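Numbering (my numbering), first residue to last: 22 to 135.
Glycine included, C-beta positions come from ideal geometry on N, C-alpha and C.
Model, not experiment: these values are computed from the prediction.
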C-alpha cells in the first residue's frame with residue numbers, strides 16, 4: 022500500500038477500491054514539497070488508469086496543492102486512457118470553489134459532491 026502520513030495529513034491508496042484517499046490539512050510550501058504526493062498519484066495512475074481520488078476528508082488544500090492537483094489532471098488528460106473520479110464534500114469551501122476548474126482542464130473527469 023502506498024501511503025504518506027504526517028501529523029497534519031494522510032494520503033493512502035486502497036488497492037481493493039482503486040481509491041486514493043486524502044485526509045487532514047495539506048499545506049506544503051511549494052511544488053517541490055508536493056513532489057511525493059504527485060509521485061504517489063502518478064504511480065497509482067500508471068498501475069490503474071481508472072481510479073478515484075477521495076477528497077471528502079481533506080479539510081484544507083493550499084494553492085500549491087491545487088496547482089499540483091491541476092498538473093496531475095493535465096498529465097492524466099495527456100495520456101488519454103484514464104477514467105478519473107474525484108469524490109468531494111460540498112461542505113468544504115475550497116473543494117466547491119476549486120474542483121470544478123479541473124473539469125475545464127479535463128472535461129471527462131467526474132466530480133461527485135456529497
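{"Check": "DSSP-derived helix/strand/coil call for residue 112", "Outcome": "coil"}
{"Check": "Bridge partner(s) assigned by DSSP for residue 78", "Outcome": "44"}
{"Check": "Continuous beta strand (DSSP E) stretch holding residue 132: start and end", "Outcome": "131-134"}
{"Check": "Same chain only: Cβ atoms within 7 Å of residue 113, ignoring 5 sequence neighbours per side", "Outcome": "80"}
{"Check": "Residues bridged to residue 118 (per DSSP)", "Outcome": "Answer is none; residue 118 lacks a bridge partner."}
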